[in-house]
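First to last, the protein sequences are chains A and B. full-length UniProt numbering applies: residue 1 is where the first sequence begins, and numbers increase by one. full-length UniProt numbering applies: residue 1 is where the second sequence begins, and numbers increase by one. Where is the CB? At the ideal position from N, CA and C, for every residue including glycine. Computed from a prediction, not measured in an experiment: that's the story for all the values here.
There are 2 protein chains.
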Amino acid sequence: MNYSRQREYIKEYLMSTKEHPTAEVIYQNVREEYPKISLGTVYRNLTLLVELGEVKKISTGDGTEHYDADTSAHSHYYCRCCHRIMDVEITPSVDQILAASSTGLGTVEQASLLFTGVCKDCMDNGK
Amino acid sequence: MNYSRQREYIKEYLMSTKEHPTAEVIYQNVREEYPKISLGTVYRNLTLLVELGEVKKISTGDGTEHYDADTSAHSHYYCRCCHRIMDVEITPSVDQILAASSTGLGTVEQASLLFTGVCKDCMDNGK
DNA sequence: ATTATATAGATAATCATTATTGATTTTGCT
DNA sequence: AGCAAAATCAATAATGATTATCTATATAAT
Chain A
1 MNYSRQREYI
11 KEYLMSTKEH
21 PTAEVIYQNV
31 REEYPKISLG
41 TVYRNLTLLV
51 ELGEVKKIST
61 GDGTEHYDAD
71 TSAHSHYYCR
81 CCHRIMDVEI
91 TPSVDQILAA
101 SSTGLGTVEQ
111 ASLLFTGVCK
121 DCMDNGK
Chain B
1 MNYSRQREYI
11 KEYLMSTKEH
21 PTAEVIYQNV
31 REEYPKISLG
41 TVYRNLTLLV
51 ELGEVKKIST
61 GDGTEHYDAD
71 TSAHSHYYCR
81 CCHRIMDVEI
91 TPSVDQILAA
101 SSTGLGTVEQ
111 ASLLFTGVCK
121 DCMDNGK
């Protein structure tokens, strides 16, 4: 695989933010540095980065995928109102992963824990 | 909310299967009983059933949502090859849920644990 | 049974994502 | 440095999943 500054910058941007942006949001931000970049390039490179394991894709069921360059073991809190994702310093336990592995279903490459609810901000603004 | 036999049957079908079908698969199956039903009706009712808490939506990031009428506490194993979902009798621990609640991020309505890998069938068929 | 409202069915529209294509950039070699 | 081959880009078209719209039908209450 060849080097690409666009891909480099996409990852840089992802590492610089605590948000868990969608491809569209990433596109808007990367555009400030590379005004000519196209949305397809963002998608292509996000897919590559995910395959390389440098970025994680977070699926919440809200219709778009979110991305996170923090690959350390942590989980996410998803607000079903504002669709934001926050980090939670909780991880699937070793026991849980071992238990899943020993079911014999197949390899366990990833274990992810997602909490869903309504965040404080949304509750304060009545919802 | 009014009663609807179509909605009733969608739930019946979902309860009758161990698969975790997509809207499209549900549509194909419900069509055998209600040949005139339309895909939009399936989506509309799935959304309603999820809102009622009678059905759960499972997001794997494979491009389509899967549905499950088994609302008991359990987790899922997702094969990234064949895109099938299997049940795993492991649940997020009370400790994990309490810990998530006590972060103060917001309410915790749901905690879901997803294991991803390559299932046995796919490995046997070399992939 | 009549009437009001919710849902169905058909279809069009939208939105996210992927594929295609020709131009440009990067790499590896001399 | 200069050049050919391969990879990536930008632009855009295509696809696929999901949602919205609109008229007809089914449901529920009187």
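Give a yes or no on whether the C-beta atoms belonging to A:ASN45 and A:ARG7 are separated by under 8 angstroms. Less than 8 angstroms separates the beta-carbon of A:ASN45 from that of A:ARG7.
Below 7 angstroms CB to CB, which residues in the same chain sit around A:VAL88 once its five sequence neighbours on both sides are set aside? Contacts found: HIS74, SER75, HIS76, TYR77, PHE115.
Proximal residues of chain B, C-beta to C-beta of A:GLY61 below 7 angstroms: Within chain B, the residues near A:GLY61 are LYS57, SER59, GLU65.
For the beta strand (DSSP E) containing B:LYS57, name the first residue and the last one. Its beta strand (DSSP E) spans residues 56-59.
According to DSSP, simplified to helix, strand and coil, what is A:MET1? Residue state, collapsed to three classes: coil.
Would you report the Cα separation of B:GLY106 and B:ALA100, rounded to the nearest angstrom? Taking the straight line from one Cα to the other gives about 9 angstroms.
Counting along the chain, where does the alpha helix (DSSP H) carrying B:CYS82 start and finish? Per DSSP, B:CYS82 belongs to no alpha helix (DSSP H) and is neither H nor E.
B:LEU113 beta carbon less than 8 angstroms from that of A:GLN96: Going by beta carbons, A:GLN96 and B:LEU113 fall inside the 8 angstroms limit.
Reduced DSSP secondary structure (H/G/I, E/B, other) of A:SER16: In this structure, A:SER16 counts as helix in the three-state DSSP scheme.
Counting along the chain, where does the beta strand (DSSP E) carrying B:THR116 start and finish? Element bounds for B:THR116: 110-117.
Beta-ladder partner(s) of residue 140 of chain B, from DSSP: No information on residue 140 of chain B is available, as it lies outside the stretch 1 to 127 that chain B covers here.
Under 9 angstroms by beta carbon: chain A residues contacting B:LEU113: Chain A residues near B:LEU113: PRO92, GLN96, ALA100, ALA111, SER112, LEU113, LEU114.
Hey, does B:LYS120 have any beta-carbon neighbour from chain A nearer than 8 angstroms? Any Cβ of chain A closer than 8 angstroms to the Cβ of B:LYS120 would place that residue at the interface, and such an atom is present.
Applying the criterion that 16 or more other CB atoms from any shown protein chain within 10 Å of the CB defines a buried residue, is B:LEU52 buried or exposed? Looking at its Cβ environment, which holds fewer than 16 other Cβ atoms inside 10 Å, B:LEU52 is exposed.
Check the Cβ-Cβ distances between B:VAL88 and every residue of chain A, and say whether any is below 8 angstroms. Closer than 8 angstroms to some Cβ of chain A, the Cβ of B:VAL88 qualifies, so yes.
A:SER75 - partner residues in DSSP beta bridges: In DSSP, A:SER75 forms a bridge with A:VAL88.
In the structure shown, what three-state DSSP assignment does B:ASP95 receive? Looking at B:ASP95 - three-state DSSP - the assignment turns out to be helix.
B:LEU14 classed as buried or exposed, judged by whether at least 16 other C-beta atoms fall within 10 angstroms: By the neighbour-count criterion, in which 16 or more other beta carbons inside 10 Å mark a residue as buried, B:LEU14 falls on the buried side.
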